[in-house]
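Scroll down for the structure; my scribbles are underneath it.
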Amino acid sequence: TPDASIVVVRGDEAPAPESPDAPSTLRIGRVRAWLDNQGGTALMIGSTGTFGQIDRLRHRARLEVRHRGGDAAAMDLQPMLTIAAAILLGRIGRILLHAGAVVAEDGRAWLVVGDARSGKSTTCISLAASGWALLSDDQVVLQVSQVGDLSVEGWLRPLHLDEGWGNRVPTGTRKTVATDAFGLRAERGPIELAGTLHTAVVPEQPTRAVDMSAGAAFVGLVRQSPWLLADRPIAPAIVEQLSSMARLPRFALSLGRDTFGEPGALRDALLRALERHGTE
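Basically the numbering used here = 1-based index in the sequence shown + 1358.
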């Protein structure tokens, strides 16, 4: 028996539930979600009549996709799956994060955290091309063992990469690339977590990684996963786990043009930061 389950069905006959009068608890894209923090249920409604219901006590979710909605209905399904997975994972003691992750040569994983177009995917692919392993460039699941160890598992998908990475000339346009396009070594995990890298693109400056505070790291983790604290009964446990994560080694990684498409240069910049961190 699985710890949690999500069932997706197709249907056009039954009417979608009406939107509650209260403001939604959270919103991703065109999908809104309302969490009943007393009854343990949740309702999601998309723009095409596609909707979903989550039973947080039984760890189950059911999503109904409107076939007549076409591509728009498919666009509603992705955020619904994300919300349902995030809520159910929280209920079984795990955390879904909007982040990338790579595995360094010592066998430990680093989270890559940042806003959209902050260089997360480029960082993950560059480090994987330099000899590290790729867990994911977009979504990961974290868990804490009974003895307090943190580990990360990757949910790999086609990569979203800036065009021009291969010839080291950024074009500012994004493209979707198959995970095997660059011959990268991929792993799934779970793998012990070493720390976090918080990315930002600063093209006019040289790439560098500097220590950041635990508070700033915590804010960055919450910012990238708005669903983390939506389920109020389990929010204190989530906060405790995120606080533990933020106390691990953490670096603000400013990405300049000098390391775009230069995997070895980016890896070396990180290794220098790790060496400085270890000697301070």
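Ideal Cβ positions, reconstructed from N, Cα and C, are used throughout, including at glycine.
Original post:
How do the region 1448-1465 and the region 1490-1501 stand: do at least 3 beta-carbon pairs fall below 8 Å, yes or no?
Top reply: yes
**OP:** Can you give me the start and stop residues for the alpha helix (DSSP H) that R1605 sits inside?
**Re:** Looking at the DSSP string, R1605 is not in any alpha helix (DSSP H), and its letter there is neither H nor E.
**OP:** In the DSSP assignment, find the alpha helix (DSSP H) that holds Q1436 and state where it starts and stops.
**Re:** 1428-1449
**OP:** Spell out the partners DSSP gives L1551 in its beta bridges.
**Re:** A1467
Original post:
Helix or strand or just coil, what does DSSP make of E1376?
Top reply: coil
**OP:** Determine the direct distance from the alpha carbon of R1416 to that of L1587, and round the result to whole angstroms.
**Re:** 19 Å
Original post:
Does the beta-carbon distance from P1381 to L1401 come in below 8 Å?
Top reply: no
**OP:** Just the C-alpha distance for F1609 and G1451, rounded to the nearest angstrom, thanks.
**Re:** 26 Å
Original post:
Given R1477, which residues of its chain have a CB within under 6 Å of its CB, disregarding the five upstream and five downstream residues?
Top reply: Here residue 1477 is Gly; the residue named in the question, Arg, does not match the sequence. Cβ neighbours of G1477 beyond the five flanking positions: T1557, V1559, L1613.
Original post:
Of all the options G1553, V1389, E1598, which has the alpha carbon lying nearest to the alpha carbon of V1460?
Top reply: G1553
Original post:
Out of G1619, V1580, L1632, which has the shortest C-alpha to C-alpha gap to A1487?
Top reply: G1619
Original post:
What is the residue span of the beta strand (DSSP E) that V1498 lies within?
Top reply: 1497-1502
Original post:
Distance, Cα to Cα, V1471 vs L1632?
Top reply: 17 Å
Original post:
What are the boundary residues of the beta strand (DSSP E) that includes V1366?
Top reply: 1363-1368
Original post:
To which residues does DSSP link L1624 through a beta bridge?
Top reply: Answer by DSSP bridge pairing: none, since L1624 is not bridged.
Original post:
What is the rounded straight-line gap between the Cα of Q1582 and the Cα of D1473?
Top reply: 7 Å
**OP:** Tell me whether P1437 is buried or exposed, calling it buried when 16 or more other Cβ atoms sit within 10 Å of its Cβ.
**Re:** buried
Original post:
Is the distance from the Cβ of R1414 to the Cβ of G1404 below 8 Å?
Top reply: no
Original post:
When the distance is taken between beta carbons, is I1364 closer than 8 Å to L1421?
Top reply: yes
Original post:
Taking the C-alpha atoms as reference points, what is the distance between L1469 and A1575?
Top reply: 11 Å
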